[in-house]
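Under numbering that gives the first Met the number 0, the residues of the sequence shown are numbered 0 to 78, in order.
Note that CB positions come from ideal geometry on N, CA and C, so glycine has one too.
Worksheet: the structure to be examined is printed underneath.
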Amino acid sequence: MINPLIEFCISNLANGAQKAREKLEKDPNLDIIEYGCLSYCGKCAHTLFALVNGEFVSGKTPDELVENIYKYLDENPMF
């Protein structure tokens, strides 16, 4: 089975998304990857975000980001 892919930018992790990543890594049904840059620099400077199966998902806080990621996954099943 293919797990949903959650991608983080290292700069955004340093800006606060690390707490969201730590929570998501506890879920064995997600694949988490970190990159040096995801080319969303303008958005990265203003909000916490991750790419979820290639789609931009953001949140004002780490908890909101996690909530929005799960909401996106519920609304956009892979299969």
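**OP:** With a 10 Å radius around its C-beta and 16 neighbouring C-beta atoms as the bar for buried, classify P76 as buried or exposed.
**Re:** Taking the first residue of the sequence shown as position 1, residue 76 is located at position 77. Label assigned to P76: exposed.
Original post:
Relative to the alpha-carbon of N14, which residue among D73, N52 and L47 has its alpha-carbon at the smallest distance?
Top reply: Numbered from its first residue, the sequence shown carries residue 14 at position 15. Ranked by Cα distance from N14, the options D73, N52 and L47 are led by L47.
Original post:
Can you tell me whether DSSP reads L23 as helix, strand or coil?
Top reply: Counting from one through the sequence shown, the residue named residue 23 turns up at place 24. Three-state DSSP puts L23 in a helix.
**OP:** Determine the burial state of G35: buried for a count of at least 16 other Cβ atoms within 10 Å of its Cβ, exposed for fewer.
**Re:** Reading the sequence shown from its first residue, position 36 is the one you call residue 35. Exposed, by the Cβ-count rule.
**OP:** Grab the span of the beta strand (DSSP E) containing L4 for me, first residue to last.
**Re:** Stepping through the sequence shown from its first residue, residue 4 is reached at position 5. That run of the beta strand (DSSP E) goes L4 to C8.
**OP:** To the nearest angstrom, report how far apart D26 and H45 are at their CA atoms.
**Re:** Within the sequence shown, numbered from 1, the residue matching residue 26 stands at position 27. Within the sequence shown, numbered from 1, the residue matching residue 45 stands at position 46. Looking at the two C-alpha atoms, the distance is approximately 27 Å.
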